[in-house]
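The sequence shown begins at 10 in this note's numbering and counts up one residue at a time. Don't be surprised by glycine CBs; every beta carbon is placed ideally from N, CA and C. None of these values were measured; they are calculated from a predicted model. Heads up, the thing below is written out as structure tokens.
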Amino acid sequence: LDYDTTGVLLLTNDGELTNRLLHPNYKVEKVYRVLLNKVIRPIDLHKLRNGVELDGRKTQPCEITELRIVDNGSFLEMKIFEGRNRQIRRMFELFGYEVLELERISFAGIKATGLQPGEWRYLTEKEVSHLKKEVGYEH
10 LDYDTTGVLL
20 LTNDGELTNR
30 LLHPNYKVEK
40 VYRVLLNKVI
50 RPIDLHKLRN
60 GVELDGRKTQ
70 PCEITELRIV
80 DNGSFLEMKI
90 FEGRNRQIRR
100 MFELFGYEVL
110 ELERISFAGI
120 KATGLQPGEW
130 RYLTEKEVSH
140 LKKEVGYEH
């Protein structure tokens, strides 16, 4: 997560698991809530969903759901399956939008339900097994 993004962050000392969770080949789902500075146009949504060019490479297709319009801006939920540097912010900037708030609400199905900012918890054995299974790392 970049400095201005909040939400789910996993910490581990398992280097191989980390590499697999972050590598785009494994297509690990990351879900974000996004608040934009203005209402998003349908044509821009279509282009973003299909992938856009960043750093000379097209992003993988993503899922974007419009949740509601707030204060002349759009509040969205966005699922991505890769995680380039500041990817979501840069994708919206291509179309003239500013991301006002960005929160990762899920990483590979792991949520921070019930935790306040700055709080943490250990993953359950079931969650660790799920993460390993997600990326074919059965150790």
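| Can you tell me whether DSSP reads residue 56 as helix, strand or coil? | Assignment of residue 56 by DSSP, reduced to helix, strand and coil, places it in the helix class.
| message | On a Cα-Cα basis, can you pick out the residue from 17, 56, 12 that is closest to residue 129? | response | Residue 129 has its Cα closest to that of 17, out of 17, 56, 12.
| Identify the residues that DSSP records as bridge partners of residue 41: which are they? | Residue pairing by DSSP places residue 41 opposite 87, 113 in a beta bridge.
| task | Would you be able to state if there are at least three C-beta pairs under 8 Å between the stretch 118-127 and the stretch 58-76? | result | Contact between the stretch 58-76 and the stretch 118-127 is absent, because fewer than three Cβ pairs lie under 8 Å.
| message | Taking the straight line between their C-alpha atoms, what separation do you get for residue 81 and residue 146? | response | Answer to the nearest angstrom: the Cα atoms are 45 Å apart.
| If you draw a straight line from the alpha carbon of residue 58 to that of residue 42, how long is it in whole angstroms? | The straight-line gap from Cα to Cα measures roughly 15 Å.
| said: Does the contact criterion of 3 or more C-beta pairs under 8 Å hold for the stretch 23-40 versus the stretch 48-63? | reply: Under the three-pair Cβ rule at 8 Å, the stretch 23-40 does not count as touching the stretch 48-63.
| request: Note down, in chain order, each residue of its chain lying with its Cβ closer than 7 Å to the Cβ of residue 103, except the 5 sequence neighbours on either side. | output: These residues qualify, in order along the chain: 61.
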